[in-house]
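In structure tokens, the structure reads:
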């Protein structure tokens, strides 16, 4: 199969007081901001981050043939023994499945057979959703590490965790390889390794609309830690005047209603931030209440300001 | 490894709590699972703060009454500065220019009526059949507010504010404080507030003494304050408010407030008068002026209200959220010791048209009963009552406001809205309070007004 994968190359250019390394991975623009005097070091760290991102993409992307995910999805009911890293990702997914009472489910990717989020009003039939839903549900999977077995037709997909995992993994490697202050940004999921020397914090813009502010974009000061964003204002479906988010609830097979356009969460690691923002999206109208209970800093974008945004805080 | 074990223990506790509370925290369990996945024991804690910034709400408001009555153009700027740790400073500036006046309280007649201006320098004359209005009135007002809000421990918030305003004949100084606290997993908020205001009145030409006859004009530009004109007056207002906000369900939020307000001091309107009328015909009583004297053509008295007023109000509001649409309904009941009872019902519906545009229809109904001392006129020759006012705002009336707001977001992410509203007020004077010819004439000045607002909200 010929995948038209973008060319794997990196570029490093001089920024405002730091070096900016860039590459493409997991269908996202990725960058490594490095506060170092030597361009070679910036290149070395960007190469390190890019290699890890590409390794994880190759290993876990559902678009690539022959990798572990493909072998599991093409097993046609046979048991598949997986390596340690895959086993750890599956264990993590199982924990999230339990913590979210089934709303985070790595078998839910097959719902894409029914739903197309292209801004149109094309709705799948209830019969089609019902048919696809038969192949959704972690409770139908037999998992005894390191062996996984599922019915033919079912699939797993690490798309909900891959990018956050990759940026955390790459950040660990960069942190071990250098004492430089770096910020890794994989398509909006980012980790600040150390605060920059020249200024106290990294400045990061997030989309936000809340009752108290009109700013379409808020500037955040990130000294150390991670930010992850879920949701995409451009991906939705409109039917009978109701806007459906592209967040699908694996328990119903339907998009979550009343979810914010996007949610950004700050946490110690990008994996934690990403899981909290994803689970909050799945809570729909209760997103803010869920995040309040988690005691984390977050920024919700619900579009138009005013009472709508205020009422959205209703749990 | 020890940290992982601690995190795992925390996760077990969280899992137990999960069953006990709908609003579960998964933070600990997630941290433990992430540690296992990434093979790290204790990542550095995140340090993320919002960059402090300014947020501006600006609005230009036009309010215009029909029949050459009050026209008000008002500019409002509200600036809010966000600091780290959820602390806010809010500064407000309002500038008003007011022209025209409200009816002075005298009754319309079949003959022209002449009145002395409040300044005491000149007179103005009202045509037959019209409600007497001093349309030479002009004023401008500047008002400033400042408020500080910050968290007080984890679940409480405190607000402290002050307000001041100045216009030609009136100054206001106020202080306020409010504490609110969240309970019940932030499903319930209790709040208590206190406000105190000291207002001073310095009417043009001095403060009239209540229930004395309207003076003659002296045609003199000197600001002498003789006769029945007193000095500067003041009033104090103390307000308490107690409120409960409760999340009822994922779609419904309710709020109930009780408030108490105590005003004391000079509570009359220095520019309001009452006509003295004949006990049989109900017509105004003419005055024969000496030659060369400029003064009122008929007998009028300055109004007098009690020097204290206690109000109780109960306010309840519900916000219902459905697929991006919001229905906001509220009702207020107010009763006071002037025997005014009022009911206000207000409805707003936020109707999103797209990602960035919305329509918001608005309806408001208001009804009030008259103050016990409200009367359309005084009877010439009868003993003067203890208190009396013919101010139409203290009468028995109904009002309706209907309007529409349209809002959109600009390409730069700022908010713009335009609002157009119509206001209609119609009153009713009890026929037992009307005498003779008054029954055939208008006794209550009905009012129609138009309200237009342009608002722009931006950040820096």
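Protein chains in written order, with the working numbering: chain A, 6 to 320; chain B, 242 to 701.
Don't be surprised by glycine CBs; every beta carbon is placed ideally from N, CA and C.
How do the stretch 512-529 of chain B and the stretch 569-585 of chain B stand: do at least 3 beta-carbon pairs fall below 8 Å, yes or no? no
Take residue 193 of chain A and list the residues in its own chain whose beta-carbon comes closer than 6 Å to its own, dropping the five residues that flank it on each side. 234
Within the continuous alpha helix (DSSP H) that includes residue 285 of chain A, where are the two ends? 275-287
Among the candidates A:161, A:165 and A:87, whose CA atom is the shortest distance from the CA of residue 141 of chain A? Scanning A:161, A:165 and A:87 for the CA closest to the CA of residue 141 of chain A turns up A:161.
Using 8 Å for Cβ pairs, my map puts residue 452 of chain B next to residue 617 of chain B. What's the rounded Cβ distance? Not quite, the Cβ-Cβ distance comes to about 16 Å (not below 8 Å), so this is no contact.
Taking only three categories from DSSP, how would you classify residue 671 of chain B? coil
For my contact list, residue 667 of chain B and residue 687 of chain B are in at a C-beta cut-off of 8 Å; report their separation, rounded to the angstrom. Yes, residue 667 of chain B and residue 687 of chain B are in contact; Cβ-Cβ is about 5 Å, under 8 Å.
By DSSP's criteria, residue 312 of chain B is part of a beta bridge. Which residues make up the other side? Answer is B:305 and B:340, bridged to residue 312 of chain B.
How would you write the range of the alpha helix (DSSP H) that residue 174 of chain A sits in, first residue to last? Per DSSP, residue 174 of chain A belongs to the alpha helix (DSSP H) from 167-182.
Distance, Cα to Cα, residue 521 of chain B vs residue 676 of chain B? 7 Å
First and last residue of the alpha helix (DSSP H) that includes residue 291 of chain A? Counting along the chain, residue 291 of chain A falls outside any alpha helix (DSSP H), and DSSP gives it neither H nor E.
Return the Cβ separation of residue 189 of chain A and residue 175 of chain A in integer angstroms, given the expectation that the two are a contact with Cβ distance under 8 Å. 6 Å
Contacting residues, own chain, Cβ-Cβ under 6 Å from residue 147 of chain A (five flanking each side not counted): Counting only residues of its own chain and dropping the five nearest sequence neighbours on each side, residue 147 of chain A has a CB closer than 6 Å to the CB of 154.
What is the DSSP secondary structure of residue 72 of chain A, counted as helix, strand or coil? Residue state for residue 72 of chain A is assigned as coil, using DSSP reduced to three classes.
Within 8 Å of chain B by C-beta, residues of the stretch 71-95 of chain A in sequence order: 93 and 94
Taking CB distances under 9 Å as the criterion, tell me whether residue 290 of chain B reaches chain A. yes
Considering only C-alpha positions, which residue in the set B:361, B:490, B:553 and B:322 is nearest to residue 581 of chain B? Among B:361, B:490, B:553 and B:322, the Cα nearest to that of residue 581 of chain B is on B:553.
Do the stretch 689-701 of chain B and the stretch 279-297 of chain B make contact, defined as three or more Cβ pairs closer than 8 Å? They touch, by the three-pair rule.
Contacts around residue 423 of chain B, its chain only, beta-carbon distance under 6 Å, and the 5 residues preceding and following it disregarded: 396 and 430
Does chain B have any CB closer than 9 Å to the CB of residue 230 of chain A? It does; some Cβ of chain B falls within 9 Å.
Contact check, residue 501 of chain B vs residue 480 of chain B, beta carbons under 9 Å: Between residue 501 of chain B and residue 480 of chain B, the C-beta spacing is below 9 Å.
Which one or two residues does DSSP pair with residue 422 of chain B in a beta bridge? B:397 and B:431
Interface partners of residue 282 of chain A on chain B, CB under 8 Å: Ordered by position in chain B, no residue passes the 8 Å Cβ test against residue 282 of chain A, which lies about 12 Å from the chain.
Rounded distance between the beta-carbons of residue 127 of chain A and residue 118 of chain A, thought under 8 Å: Wrong, their Cβ atoms sit about 14 Å apart, outside the cutoff.
Can you name the residues of chain B whose CB is closer than 9 Å to the CB of residue 171 of chain A? Within 9 Å Cβ-Cβ: nothing; residue 171 of chain A doesn't reach chain B, min ~11 Å.
So is residue 219 of chain B in contact with chain A if we call contact Cβ pairs under 9 Å? In the structure as shown, chain B begins at 242 and stops at 701. Residue 219 of chain B is therefore absent and cannot be evaluated.
Evaluate residue 115 of chain A with the Cβ neighbour count: other Cβ atoms within 10 Å of its Cβ, from every protein chain shown; 16 or more gives buried, anything less gives exposed. Buried is the call here.
So that I know if they touch, is there some Cβ in chain B lying closer than 9 Å to that of residue 202 of chain A? no
Exposure label - residue 425 of chain B; buried when at least 16 CB within 10 Å: exposed
Chain-order list of residues whose beta-carbon lies under 6 Å from that of residue 351 of chain B (same chain, five-residue window excluded): 369
Is residue 136 of chain A close to chain B, meaning its C-beta is less than 9 Å from at least one C-beta of that chain? So no, residue 136 of chain A is outside the interface.
Residue 502 of chain B in three-state terms, based on DSSP: strand
What distance in whole Å lies between the Cβ atoms of residue 165 of chain A and residue 274 of chain A, which are believed to be in contact at a cut-off of 8 Å? Residue 274 of chain A to residue 165 of chain A, Cβ: 15 Å. No contact.
Give a yes or no on whether the C-beta atoms belonging to residue 170 of chain A and residue 227 of chain A are separated by under 9 Å. Not closer than 9 Å, so no.
Would you mind telling me which residues of chain B sit closer than 7 Å to residue 186 of chain A, beta carbon to beta carbon, in chain order? Per Cβ cutoff of 7 Å: no residues; residue 186 of chain A is ~13 Å from chain B at best.
Can you find a CB in chain D that lies within less than 9 Å of the CB of residue 69 of chain A? In the structure shown, chain D does not exist; the protein chains are A and B.
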